[in-house]
Amino acid sequence: MVILTDDQRRLLAAYDQGMIADLVADPDYGIDRIRSTCAGGTWPRGARDDVPDWLGHYSTSGGVIVGGPAPGLEPVASIKLGQLRRWAEGLPARLRREMRETLAAERAENRRSAGWCRCPHAESPPTAPGGRCRRKHPGDVIWEEHYRRLRELWERRDVLLREAIWGISEAADPDQMALFGVSA
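Heads up: the sequence shown begins at 0 in numbering that gives the first Met the number 0, then just goes up one per residue.
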């Protein structure tokens with residue numbers, strides 16, 4: 000089992016959560032995705048409660064994710080992709096399986112709604128020669144149900160990510176979570 004430092008965990012918690020979820024679900028795919036995207040990001044101080052003050056920027060290149068105060072400055076934390084792969088492979092099988100199931104359900108919900116449209120031209124054309132919109136225009140109740148389901152899946156993904164990164168299960172005491180700088 001690979002142990003990450005608290006700063007490495009904070010870097011992972013601030014990293015693109017979709018990529019970390021893919022890494023947890025399937026370490027081979029997740030590492031390939033992280034390596035190929037060269038992801039990076041910045042935050043103004045205090046923009047997110049879960050991002051420490053020292054982490055104003057992260058980037059991915061050369062097989063390493065680094066995080067620090069700003070691009071070009073000395074990084075505070077780094078994680079080699081090989082270490083990250085071993086960490087993900089060492090996570091409990093149940094956690095990885097639940098993440099795969101959650102991501103599969105999210106993708107299925109997105110495929111189900113792929114052709115939907117919310118434009119105001121379901122019954123009347125936007126311009127005379129254009130004709131009405133021919134895409135599916137589900138009603139508000141269907142849209143609300145779709146987004147409710149997606150929010151449930153995103154919340155489940157976030158719970159699984161907290162457990163993977165911090166070792167905190169969803170049954171954890173909120174005071175314990177606060178010790179790690181993580182909110183429920």
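Backbone N, C-alpha and C define an ideal beta-carbon position, used for all residues, glycine too.
Q: State the beta-bridge partners of Ser-112 as determined by DSSP.
A: Here residue 112 refers to the residue found at position 113 when the sequence shown is read from its first residue. Ser-112 pairs with nothing; no bridge assigned.
Burial state of Val-181 (16 or more Cβ within 10 Å): On the sequence shown, residue 181 is found 182 positions in, with the first residue counted as 1. With a pLDDT of 48 at Val-181, under the threshold of 50, the predicted position of this residue should be treated as unreliable, though the coordinate-derived value follows. Buried, since its Cβ has 16 or more Cβ neighbours within 10 Å.
In the segment 71-144, which residue ranges form an unbroken beta strand (DSSP E) of at least 3 residues, counting only runs that do not cross its ends? 76-79
Check your understanding: Does the beta-carbon distance from Met-98 to Val-23 come in below 8 Å?
Key -> On the sequence shown, residue 98 is found 99 positions in, with the first residue counted as 1. On the sequence shown, residue 23 is found 24 positions in, with the first residue counted as 1. Against a cut-off of 8 Å, the Cβ pair of Val-23 and Met-98 comes out as a contact.
Just the Cα atoms here: how many angstroms apart are Ile-141 and Ala-113?
For the purposes of this step, residue 141 is identified with residue 142 of the sequence shown, where counting begins at 1. For the purposes of this step, residue 113 is identified with residue 114 of the sequence shown, where counting begins at 1. If I take the Cα positions, the gap works out to 14 Å.
Q: Starting from Tyr-57, follow its DSSP beta bridges and name the residues at the other end.
A: Translated into positions along the sequence shown, residue 57 becomes position 58. DSSP, once it has assigned bridges, lists Gly-40, Gly-66 as partnering Tyr-57.
Worksheet item: DSSP on Pro-26, reduced to helix/strand/coil?
Response: For the purposes of this step, residue 26 is identified with residue 27 of the sequence shown, where counting begins at 1. If DSSP states are grouped into helix, strand and coil, Pro-26 belongs with the helices.
Worksheet entry | Backbone secondary structure at Asp-5 - three-state DSSP | Numbered from its first residue, the sequence shown carries residue 5 at position 6. Correct three-state label for Asp-5: helix.
Practice prompt. Taking Gly-62 and Leu-80 to be in contact with their CB atoms under 8 Å, please state how far apart those CB atoms are, rounded to whole angstroms.
Written response: The residue you call residue 62 lines up with position 63 of the sequence shown. The residue you call residue 80 lines up with position 81 of the sequence shown. The pair is a contact, with the Cβ atoms about 5 Å apart (cut-off 8 Å).
Item to complete: Taking 8 Å as the threshold, find out whether the segment 150-165 comes into contact with the segment 15-32 through three or more Cβ pairs.
Response: yes
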